[in-house]
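Visitor: Take a look at this one; I'll ask things after.
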Amino acid sequence: MGHEHEHGHSHGSGHAHSHGVSGDADRRWLTVALALIGGFMIIEVVIGLLANSLALLSDAAHMLTDAASIVLALTAIRLAARPARGKYTYGFKRAEILSAQANGITLLVLAGWLTYEAIRRLLEPPEVTGGLVVITALFGIAVNVAATWAISKANRSSLNVEGAFQHVLNDLYGFIATAVAGLVVLLTGFARADAIATLVVVALMVKAGLSLVRESGRIFLEAAPAGLDPDALGRRLVEMPGIDEVHDLHVWQITSGNVALSAHVLVQAGADCHGLRQQIERLLDQDYDITHTTLQVDHSQMVSAATTSDADRLLPVLAEHCDDAHGPVHRETHTHH
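For the sequence shown, the UniProt record's numbering begins at 1 and goes up steadily by one.
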């Protein structure tokens with residue numbers, strides 16, 4: 001009897017980037033936020049230079065990264081919408097992840113520079129005009145609240161949109177810290193409050209930057225999505241009636257919200273390969289929101305009628321499959337009758 005097998009491939013776009021927000025809506029809300037942030041950033045640089053406030057200039061630098069993150073997000077959305085063609089079999093969907101990683105690295109570089117400047121001003125505090133700092137920071141709070149609200153209307157399940165949102169949200173926190181520092185300078189003359197406020201902004205920038213670099217790095221390294229345990233998934237699959245083994249199980253993200261899976265599945269002799277493949281795809285779709293699947297389904301080969309060991313019974317298939325191991329092998333453990 002020949003070694004029967006079936007290759008199944010299915011994918012859907014229903015879960016990838018829907019979430020009730022279209023790409024056009026994303027671009028519209030991001031453009032509104034960009035206009036707000038870009039306009040206020042120019043005003044803040046001018047006032048920061050006039051007031052000799054590093055806190056205001058650090059906020060302006062942070063707002064520059066906010067504006068850059070939104071521009072990158074807009075560019076990535078446009079690139080990701082292009083269809084797959086030629087050598088780019090997934091299209092340009094990971095342009096969004098490149099955008100997120102670039103934003104994260106930029107935040108960390110700026111944080112390093114601002115830390116140096118803040119420490120220098122802690123040691124030799126310059127004169128700071130507290131009144132201008134407070135007024136500008138209060139206007140900044142209003143602008144950032146509006147920009148944060150606008151971006152919150154876009155699809156935050158996308159990593160680069162979420163990155164832009166976190167940039168603006170953290171900048172809002174920075175403005176609050178700057179307003180407090182300006183008030184302290186105004187009331188007490190304690191000029192070091194400006195540098196201390198800068199370090200608060202730095203801490204927020206580092207937090208946001210590390211998060212973006214870490215999450216984008218996970219996708220580039222093709223790690224399983226956060227919250228999904230491939231071993232637990234493999235064990236669940238082999239608990240399905242008729243399935244003997246699952247190996248070469250890979251789960252990764254193509255981009256934010258677009259999860260793919262591939263696996264080699266061995267089923268019992270006489271089992272319906274096509275039917276079991278459909279059952280697996282249904283389970284992955286309904287319970288794990290995975291709609292892009294590539295499954296190779298084969299019948300387990302018997303060594304002889306006297307063989308009783310599951311491991312021995314499956315050895316010929318494993319020997320033929322590949323010389324290199326690709327991860328854990330999941331086998332069903334109940335007794336066959």
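All C-beta atoms, glycine included, are put in the ideal place defined by N, C-alpha and C.
(1) If contacts are defined as beta-carbon pairs under 8 Å, then residue 60 and residue 71 qualify, I think. What distance do you get, rounded to the angstrom?
(2) Within 10 Å of its beta-carbon, does residue 119 have 16 or more other beta-carbons around it, so buried, or fewer, so exposed?
(3) How would you write the range of the alpha helix (DSSP H) that residue 200 sits in, first residue to last?
(4) Quick one: grab the DSSP three-state call for residue 52.
(5) Does the distance between the C-beta of residue 200 and the nearest non-hydrogen atom of the ligand GTP fall short of 7 Å?
(6) With DSSP as the reference, label residue 75 as helix, strand or coil.
(7) Using a Cβ-Cβ cutoff of less than 8 Å, which residues in the same chain neighbour residue 207 once the five nearest sequence positions on both sides are dropped?
(8) On the DSSP letters alone, give me the boundaries of the alpha helix (DSSP H) that residue 341 sits inside.
(9) Which whole-angstrom value describes the C-beta separation of residue 255 and residue 97, a residue pair presumed to lie in contact below a C-beta threshold of 8 Å?
(10) DSSP state of residue 330, grouped into three classes?
(11) Would you kindly check if the distance between the Cβ of residue 110 and the Cβ of residue 205 is under 8 Å?
(12) For residue 52, tell me which candidate among 175, 83, 167 and 195 has the shortest Cα-Cα distance.
(13) With 16 as the cutoff for other CB atoms within 10 Å, does residue 328 come out buried or exposed?
(14) Would DSSP call residue 173 helix, strand or coil?
(15) Would a C-beta distance cut-off of 8 Å place residue 249 and residue 230 closer than the cut-off?
(16) Terminal residues of the continuous beta strand (DSSP E) containing residue 150?
(17) Can you name, in chain order, every residue of its own chain whose Cβ lies under 6 Å from the Cβ of residue 26, other than the five neighbours on each side?
(18) Taking 8 Å as the threshold, find out whether the region 126-144 comes into contact with the region 175-182 through three or more Cβ pairs.
(19) Less than 8 Å between the C-beta atoms of residue 188 and residue 54, yes or no?
(20) Rounding to the nearest angstrom, what Cα-Cα distance links residue 64 and residue 286 in this structure?
(21) Looking at the unbroken alpha helix (DSSP H) that takes in residue 261, where does it start and where does it end?
(22) Apart from the five residues just before and just after residue 101, which ones in its own chain have a Cβ nearer than 8 Å to its Cβ?
Guide: Taking the coordinates as given:
(1) As a first step, residue 60 is located in the sequence shown; it is residue number 60 there, counting from the start. As a first step, residue 71 is located in the sequence shown; it is residue number 71 there, counting from the start. Contact flag wrong, Cβ pair sits at about 16 Å.
(2) For this step, residue 119 is matched to residue 119 along the sequence shown. Per the 10 Å Cβ criterion, exposed.
(3) Within the sequence shown, numbered from 1, the residue matching residue 200 stands at position 200. From DSSP, the alpha helix (DSSP H) with residue 200 extends over 192-220.
(4) Taking the first residue of the sequence shown as position 1, residue 52 is located at position 52. Coil, per DSSP.
(5) Looking at this structure, you won't find the ligand GTP or any other ligand, since it has none at all.
(6) Counting from one through the sequence shown, the residue named residue 75 turns up at place 75. Here residue 75 sits in helix by DSSP.
(7) Against the sequence shown, residue 207 aligns to sequence position 207. 170.
(8) Not covered by the structure: residue 341. The range shown for the chain is 1 to 337.
(9) Counting from 1 along the sequence shown, the entry for residue 255 is found at position 255. Counting from 1 along the sequence shown, the entry for residue 97 is found at position 97. So it is a contact: roughly 6 Å between Cβ atoms.
(10) By one-based count along the sequence shown, residue 330 stands at place 330. Note: residue 330 maps to strand in three-state DSSP.
(11) Within the sequence shown, the letter at position 205 stands for residue 205. Within the sequence shown, the letter at position 110 stands for residue 110. It is a contact, given that the beta carbons lie within the stated cut-off.
(12) Locating residue 52 in the sequence shown gives position 52, where the first residue counts as 1. Ranking 175, 83, 167 and 195 by Cα distance to residue 52 puts 195 first.
(13) Taking the sequence shown and counting its residues from 1, one reaches residue 328 at position 328. Flag for residue 328 reads exposed.
(14) Taking the sequence shown and counting its residues from 1, one reaches residue 173 at position 173. Residue 173 falls in the helix class under three-state DSSP.
(15) Taking the sequence shown and counting its residues from 1, the one referred to as residue 249 is at position 249. Taking the sequence shown and counting its residues from 1, the one referred to as residue 230 is at position 230. Their beta carbons are under 8 Å apart, which means residue 249 touches residue 230 by this criterion.
(16) Taking the first residue of the sequence shown as 1, we reach residue 150 at position 150. Here residue 150 belongs to no beta strand (DSSP E); instead the alpha helix (DSSP H) covers 130-152.
(17) Sequence index remark: in the sequence shown, residue 26 carries index 26 (1-based). Same-chain partners within the cutoff: 77, 154 and 155.
(18) yes
(19) What you label residue 188 is simply residue 188 of the sequence shown in a count that begins at 1. What you label residue 54 is simply residue 54 of the sequence shown in a count that begins at 1. It is not a contact, given that the beta carbons lie outside the stated cut-off.
(20) The residue given as residue 64 occupies position 64 in the sequence shown. The residue given as residue 286 occupies position 286 in the sequence shown. Cα to Cα, the separation comes out at about 42 Å.
(21) Numbered from 1 along the sequence shown, position 261 holds the residue referred to as residue 261. Note, residue 261: premise wrong, no alpha helix (DSSP H); beta strand (DSSP E) at 258-267.
(22) Walking along the sequence shown from the start, residue 101 turns up at place 101. Same-chain partners within the cutoff: 212, 213, 216, 217 and 220.
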